[in-house]
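Student: Dropping the structure in here first, questions after.
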Amino acid sequence: MSELRYREALNAALREELHRDERVVLLGEDIGVFGGAFKVTEGLLEEFGERRIRDTPISENTIVGMGVGAAMTGLRPVIELMTINFSLLAFDQIVNSAAHIRYMFGGQVSVPLVIRMPQGAGHQLGPTHSHCLEAMFLHIPGLLVAVPSTPADAKGLLKTAIRDENPVIFIEHESLYGVRADVPEGEDITVDFGRARIAREGSDVTIVGVSRMVLTAEKAAATLASEHGVQATVIDPRTLRPLDLDAILASVRATNRCVVVEEGWPHGGVAANLAALIAEHAFDDLDAPVARVSGADVPMPYSKPLEDIAYPHESQIVQAALATVGLAGDLQPAGDAQDSRR
Amino acid sequence: MPDLPEPELPEPDLAREWLATMTLIRRFEERAGEMYARAKIGGFLHLSIGEEATIVGSARALRIEDYLISTYRSHGNAIARGTPPERVMAELFGRVDGCCAGHGGSMHMFDLQRRFMGGYGIVGGNLPIGAGIGLSSDYLGHDEVTLCSFGDGACNQGTFGETLNLAALWRLPVLFMVVNNQFGMGTSLGRHSAVTDLRRKGESLGVPGMRCDGMDVLDTYTVVSEALARVREDRRPLLIEAVTYRFRGHSMADPEEYRTREEVAQWRERDPIPRFGDLLEREGVIDAAARELIEREAAERVERAVQFAEDSPFPPPESLYEDVYVIDEQVRGRYHA
C-alpha cells in the first residue's frame, strides 16, 4: 500500500501501462509540456518522450477520431479531454465512430480506446466547465463508462480500461484529484469492470452514489448513523456500463429502501435509470419509492451561493434517506426547484 | 509542386483489369439501383456512377498494404479493393453474408482483410479516423500510406481543417483525396465553398494540393501514384482534388432539381468507361470483342452477386446483440439494460 492522491494514482496507472505495453500512446491538449490541465500526466513526457505523449492542438473531435483510427489499427490510445463539457465537441466521433464501429462493421474490428475526462461542479467555472454528463455516455450502447471515486479505483479501473478491447469513457472528478487514500501497489493489480464496491454496510437503507457523490453519500451515512440511528449501506457502482446491478439489488432486497445520488441532472439521469431498473427487478422488495438526489435542473451557475445549491450535499442525502425510512416527511423530488412552472 | 510525369498506359493486363473493374462497378451500381427500386435494398443508396475512374485509378495506385478509407458512397471502393461484389450486394440486401453481416448497409461497407477501412455515414467523419490510421503506421514504423477519400461537401466540415492541420503537424503518411463531384448533396460547389479551387484548401493548413482528372482513370492513377510516392517518402500529407461528376442523384431519393439535364449530358460525354475503352482500343490493347467480353463478364458477375444476396438469409434475431461489445469470459455486470 502507498498513500496517493487520486491524480497520482491515475498518473501511476498511465505510467505502468505505458511501460507494460508499447502500443499505449497518450493524446490530449496540454498533456505533455504543460503536464495536463489537472497535472494527471505530469512527468510522462519526460519519461516516455514525444512519440508516446502527444500534445495536440485544440481539436477535440479530431483527436478522438484519430484515437479511433489508431485503435482500429493496432494502438491503444488514451485520450485526455480537458473537461467533460469539451467532449461534446467530440460527440460525433465518440458516438458515430468509437461506439458504433465494431457493430456496424460486423465485428471485424474493435476500438480499444480510452477517453479520460474530468467532470463536476464546485470551482465556480459556470455553465461550460462544470457539468456531470455520465448519463449521456451511459445512454450509448458500445461504450463502457467508468466513474472512479477513490484513488485505488482510479488506478485499478484505468488499468483495466486501457487493457479492455472496448472504447471506455473514463470519467474523473475535478474535486477528487487532490483526495489521498491508500492504493495497493503492484503492476497487475487492477479493478474489474462491472463489480460494485460496498463502501459501507448498514441494514436500513441502501445509498448508491456516483462519482464524487460516493464521498458525499459516505458522509451522509455517518451522519445518519450518529444522529438518527439509521444504518446505511453505501454502494459505489464504479462502472455504469457494465453495471453491477446484482450487487445493488442484493442490497435493496436486504434494506428494502434505496436512495440514488448523482451530481448530474435529474431528467434522464443515472439515478432515473437506476430507479427504473430497481423498480423493474425489486419492486416487491421496496418499502418506499426509490429516492433520487440529483443536481438542480439548471445550467451550472457561476455565483458561489447559487453553485452551492445546484449540486447535492450531505444534508439532502440525509433527508432523502430519512424519508425512505419514514423518519422525515420533507423529501423533495429530485431536481426540485422553487419554480411553479415546472 | 514539381511537374507531374506524363501518363503512360500500364501493361495490357493491368489496363484490361482497370476497364473491367470500372465496368463491374458501373453494372453493380446500376443493378443496385434496380434492386432498390424493387425494395430489395432499404435506407439510402448512394451510387458512384460516373466516378469509376476516380475510384479505380486511385485504388490501383495503392499498394496491397496501404489503407483506404472512404465515405457513405463506397460500394465501388470496396469492390475496387477486392471485396467480392457478392458480399457487397448481400450487405445492401441486409443479409447475413454481407461484408458487415447486415449491420452496416450501403453507407457502412468495410473489409479489414483488404484494408478497406470503411464507409462512414457522417460527412467528414472519416478524416480524423484516416489520420489515426496514419498515426498507427507512423508509430509502428510501417511503410504503408492511408488514402482518405471524401467529397467536396466534406471540405466545409471542421474535421477537414482540424485533420489536415494535425496530419501536417505530425507528418502523418496520409493522402487526402477530395472527390469533387461538384455537389454537396444538392448544393453546387460554388454555392457551398467560397474557394472552389479545392486543391488549394489545404494550403493554409500545411498540406499542398494536386489535381487529377477524375474522369480519366489513367490520369487519376498517374497523379495519385505520384502523390502516394511523395507521401511515402517525405512522410507528409498531401491533398488531391479529383474532379469528377456523379451521373445519378445524390441518393436514390433525389429528384435532381438543382442541375440541368444539359449539364449532366455534357459530363456524360466524358464518361470514363467508354473513354478508357476507346483509348485502349485505339492503342491496340484490346479489340471490340474483348470489350464485349468485359461487359458480359461484368453483367454475369453482378447477376451472381444478386443471386448470392437473394440466397443469403437475413441475420437471425439472436444476432441483434452481437458485436456491440468485445466481451471476454470474465464479464461481470450488465452491458445492456
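Chains as they are written, first to last, in the working numbering: chain A, 39 to 380; chain B, 896 to 1232. Beta carbons: idealized from backbone N, C-alpha and C, even for Gly.
#1: Mark A/S40 as exposed unless 16 or more other C-beta atoms lie within 10 angstroms of its C-beta, in which case mark it buried.
#2: Given this structure, state the Cα-to-Cα distance separating A/R379 from A/L315, to the nearest angstrom.
#3: Could you check where the beta strand (DSSP E) with B/M857 kicks off and where it finishes?
#4: What three-state label does DSSP hand A/C296 in the structure shown?
#5: Using the C-alpha atoms, what's the distance from A/A255 back to A/S264?
#6: Grab the span of the alpha helix (DSSP H) containing B/R1163 for me, first residue to last.
#7: According to a CB-to-CB cut-off of less than 8 Å, which residues of the stretch 1129-1140 of chain B neighbour chain A?
#8: Leaving out five residues before and five after A/K193 in sequence, what residues of the same chain have Cβ atoms less than 7 Å from its Cβ?
#9: By the criterion of Cβ-Cβ separation under 7 Å, what are the contact partners of A/Y141 in chain B?
#10: Would you mind sorting A/L131 into buried or exposed? The rule is 16 or more other CB atoms within 10 Å of its CB.
#11: When DSSP labels each residue in this structure, what does B/R1095 get in the three-state scheme?
#12: Would you decide whether A/E88 is buried or exposed? Buried here means 16 or more other CB atoms lie within 10 Å of its CB.
#13: Spatial neighbours of B/Y1216 within its chain, please: C-beta separation below 8 Å, excluding the five flanking residues on both sides.
#14: Per DSSP, what kind of secondary structure is A/H319 in: helix, strand or coil?
#15: Within 10 angstroms of the Cβ of A/P304, are there 16 or more other Cβ atoms? Answer buried if so, exposed if not.
#16: Tell me the start and end of each unbroken beta strand (DSSP E) in the stretch 217-273 of chain A that is at least 3 residues and wholly inside, in chain order.
#17: For A/Y340, is the classification buried or exposed, using 16 other Cβ atoms within 10 angstroms of its Cβ as the cut-off for buried?
#18: Given that a residue counts as buried once 16 or more other Cβ atoms are within 10 Å of its Cβ, and exposed if not, what is B/S1001?
#19: Could you give the DSSP three-state label for B/D1206: helix, strand or coil?
#20: Where B/H1104 and B/G1025 are concerned, what is the direct C-alpha to C-alpha distance, given to the nearest angstrom?
#21: Which residues in chain A have a C-beta closer than 7 Å to the C-beta of B/R926? List them in chain order.
#22: Using three-state DSSP, classify A/S341 as helix, strand or coil.
#23: So A/V331 packs on A/V299, CB below 8 Å; how close in whole Å?
#24: Just curious, the beta strand (DSSP E) that B/F836 is in, first and last residue?
#25: Per DSSP, what are the beta-bridge partners of B/I964 in this structure?
#26: Can you tell me whether A/K342 is buried or exposed, with buried defined as 16 or more other CB within 10 angstroms of its CB?
#27: Ignoring anything shorter than 3 residues, give me the beta strand (DSSP E) runs that lie fully in the stretch 169-223 of chain A, in order along the chain.
#28: Where do the N-terminal and C-terminal ends of the beta strand (DSSP E) with A/P115 fall, by residue?
#29: Runs of 3 residues minimum, wholly inside the stretch 1106-1153 of chain B: which ones carry the beta strand (DSSP E) assignment?
#30: Are the stretch 211-221 of chain A and the stretch 233-242 of chain A touching by the rule of at least three beta carbon pairs closer than 8 Å?
#31: Does B/L1061 have its Cβ less than 7 Å from a Cβ in chain A?
#32: Short of 7 Å Cβ to Cβ, which residues in the stretch 1193-1218 of chain B face chain A?
#33: Taking the alpha carbon of A/L42 as the point to measure from, which residue in A/H167, A/T188, A/D284 and A/L151 has its own alpha carbon closest?
#34: Figure out for me which residue from B/G1029, B/T1054 and B/D961 has the closest Cα to the Cα of A/T100.
#35: Excluding the five sequence neighbours on either side, which residues of its own chain have a C-beta within less than 7 Å of the C-beta of A/L127, listed in chain order?
#36: With distances taken Cα to Cα, identify the nearest neighbour of A/G158 among A/H167, A/Y141 and A/P150.
Tutor: In short, the structure shows the following:
#1: That one is exposed.
#2: Low per-residue confidence applies at A/R379: pLDDT is 43, beneath 50, and the placement is therefore not dependable enough to give any value.
#3: Any question about residue 857 of chain B goes unanswered here, given that chain B covers just 896 to 1232.
#4: strand
#5: 14 Å
#6: R1156 to R1163
#7: Hits within the stretch: zero.
#8: In chain order, A47, L48, A50, A51 and V221 place their CB closer than 7 Å to the CB of A/K193, counting only its own chain and leaving out the 5 sequence neighbours on each side.
#9: H998, D1218 and V1219
#10: In the sequence as displayed, the identity of residue 131 of chain A is Gln instead of Leu. Label assigned to A/Q131: buried.
#11: The DSSP-derived three-state label of B/R1095 is helix.
#12: exposed
#13: Cβ within range, chain order: H1231.
#14: helix
#15: buried
#16: Every unbroken stretch of the beta strand (DSSP E) spanning 3 or more residues and falling wholly within the stretch 217-273 of chain A is given here in chain order: 218-221, 235-238 and 243-247.
#17: exposed
#18: buried
#19: helix
#20: The displayed chain sequence assigns Gly, not His, to residue 1104 of chain B. Rounded to the nearest angstrom, the two C-alpha atoms are 18 Å apart.
#21: Those within 7 Å of B/R926 in chain A number zero; the least Cβ separation is about 23 Å.
#22: A/S341 falls in the coil class under three-state DSSP.
#23: 5 Å
#24: Here chain B comprises residues numbered 896 to 1232, so residue 836 of chain B is not present and cannot be evaluated.
#25: B/C1043
#26: exposed
#27: 182-184, 206-211 and 218-221
#28: R114 to E118 is the extent of the beta strand (DSSP E) around A/P115.
#29: 1133-1138
#30: no
#31: yes
#32: E1217 and D1218
#33: A/T188
#34: B/T1054
#35: E98 and N99
#36: Check the Cα spacing between A/G158 and each of A/H167, A/Y141 and A/P150: the tightest is with A/H167.
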